[in-house]
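Numbering-wise (our numbering), the sequence shown opens with residue 8 and increments by one.
Each residue gets a CB set at the ideal place from its N, CA and C atoms; glycine is no exception.
No experiment lies behind these values; they were computed from the predicted model shown.
Below: one structure, written as C-alpha cells.
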Amino acid sequence: MSRKFGIDGLDRLLGGGFDESSSIGILGEPGTDRDLFNHIFTETGVKNNEPTIYFCSNNRPMFLRQDFEKREINESECLEIVDCYSWKLGKPDSSEDLVMGSSNLNEFLNLYNKARKKIGNDGRSVIDSIINIVDFEDLSAINNVLQILFAEEQNSNNSLLISISSDYRKKIINLIESYVSGFIELKRLRGNKYIKVHWMSNNDYKERWHQYSIEKGVSKNSALRVIIGDEVGDELNIELTKKSGLI
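Right, dumping it as C-alpha cells:
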C-alpha cells in the first residue's frame, strides 16, 4: 500500500505515492515554500482520517492554524499539533497543545510518544523543522534519537516527513539522509523554483529536476497550491544537480 503526498505532480514523481511505513526528507533553501509542502502533506493525511502529528518548531502554532483554516484542515481527533516553538517565548499559544518546554531531545521523544498514544498509529508525522529541535545537540545524541524515532514510525506503519533547510549543517543533513527512504529537494535558480526526488536505495530511478510554481486561489483567503511542471532540459538539469545539497 502507498500513501499520497497530496500534490498530483509530486505523487507521479513518487511513483504514485510512497510506502506507508517509509520516511521522506524535504530539503529546501529559503524561498522555496517548503512549509507549504509540509502543510499539504498534513492536509492529505487529515482528510484521509490518518492519525497525524505535526511538530511545529519553525513558527508559532497560531500561524500554522491560520494556514490550516484556509486549507479546511480541522483539528479533529486525527490531528495533534505539538508546540515545539513557544518555549522560546515563555508562553504557549494554546493550553490544549502538547508543549515542548525546551530544546531537548529526550523531551521531544516523550512528546512524540504522548501524541502517538493519544491519536494512534497507521498515520503520518511531520517535523517542521528538525533544525530547531536538534540545534543544540551533538551528532551522537541526534543519531540515537533518530534511530528510536525511525524505528517507532516504521514499526507502527507511520509515514514520516522531516523538513530541513539546505543551508543547515551538512553533517546533520547527511545523517538524516542515511535514515530516510528518499529526499524531496527544492531549489531556486534565476527566479524559478525546481524540485527533484532522490531515492536513497534505488540507483535505477531516473532522477530529474522539474520546475514548479505556486498557484494562488481566487481570493486572498484561498489556500495555495503547488503545480509541478515538465522536467527540465539536460543543460539546466546538470546545472541544478551541481548545486544540489545532497551531493
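### Query
Do you know how far the Cα of residue 122 is from the Cα of residue 150?
To locate residue 150, count along the sequence shown from 1; it is residue 143. To locate residue 122, count along the sequence shown from 1; it is residue 115. Going by the C-alpha atoms only, they are around 21 Å apart.
*asked:* Please report the distance separating the alpha-carbon of residue 88 from that of residue 242.
replied: Residue numbering aside, residue 88 sits at position 81 when the sequence shown is read from its first letter. Residue numbering aside, residue 242 sits at position 235 when the sequence shown is read from its first letter. If I take the Cα positions, the gap works out to 43 Å.
Just how far apart, CA to CA, sit residue 218 and residue 108? Taking the first residue of the sequence shown as position 1, residue 218 is located at position 211. Taking the first residue of the sequence shown as position 1, residue 108 is located at position 101. Each residue's Cα considered, the two are about 40 Å apart.
### Query
Using the beta-carbon count (16 or more within 10 Å), is residue 268 buried or exposed?
The question about residue 268 has no answer here: the residues shown for the chain are numbered 8 through 254.
Just grab the DSSP bridge partners of residue 239 for me. Numbered from 1 along the sequence shown, position 232 holds the residue referred to as residue 239. For residue 239, which the question treats as bridged, DSSP gives no partner whatsoever.
>> Comparing C-alpha positions only, which one of 139, 82, 40 sits nearest to residue 60?
In response: In the sequence shown, residue 60 corresponds to position 53, counting from 1. For residue 60, the nearest C-alpha among the options comes from 82.
* Mind checking whether the beta-carbon of residue 45 lies closer than 8 Å to any heavy atom of the ligand PLP? -> Ligands are entirely absent from the displayed structure, and the ligand PLP is therefore not among its contents.
Can you list, in chain order, the residues of its chain with a C-beta nearer than 8 Å to that of residue 146? Leave out the 5 residues immediately preceding and following it.
Here the question's residue 146 lines up with position 139 in the sequence shown. Once the five neighbours on either side are set aside, the close Cβ partners of residue 146 are 178, 179, 182.
Next item on the list: Specify the secondary structure class of residue 147 as computed by DSSP and reduced to three states.
Entry: Looking up residue 147 in the sequence shown gives position 140. Helix at residue 147.
Coil, strand or helix - residue 216 by DSSP
Looking up residue 216 in the sequence shown gives position 209. Residue 216: coil per DSSP, three-state reduction.
Nearest chain B C-beta to residue 58 closer than 9 Å, yes or no? Among the protein chains of the structure shown there is no chain B, as only one such chain exists.
For residue 32, three-class secondary structure by DSSP: Reading the sequence shown from its first residue, position 25 is the one you call residue 32. Three-state result, residue 32: strand.
Own chain, CB closer than 8 Å to residue 247, minus 5 neighbours either side, in chain order: As a first step, residue 247 is located in the sequence shown; it is residue number 240 there, counting from the start. For residue 247, where only same-chain residues beyond five positions count, the Cβ hits under 8 Å are 194, 196, 201, 203, 216, 239.
Just to confirm, is the Cβ distance from residue 166 to residue 75 under 9 Å? Along the sequence shown, read from residue 1 onward, the residue named residue 166 stands at position 159. Along the sequence shown, read from residue 1 onward, the residue named residue 75 stands at position 68. It is not a contact, given that the beta carbons lie outside the stated cut-off.
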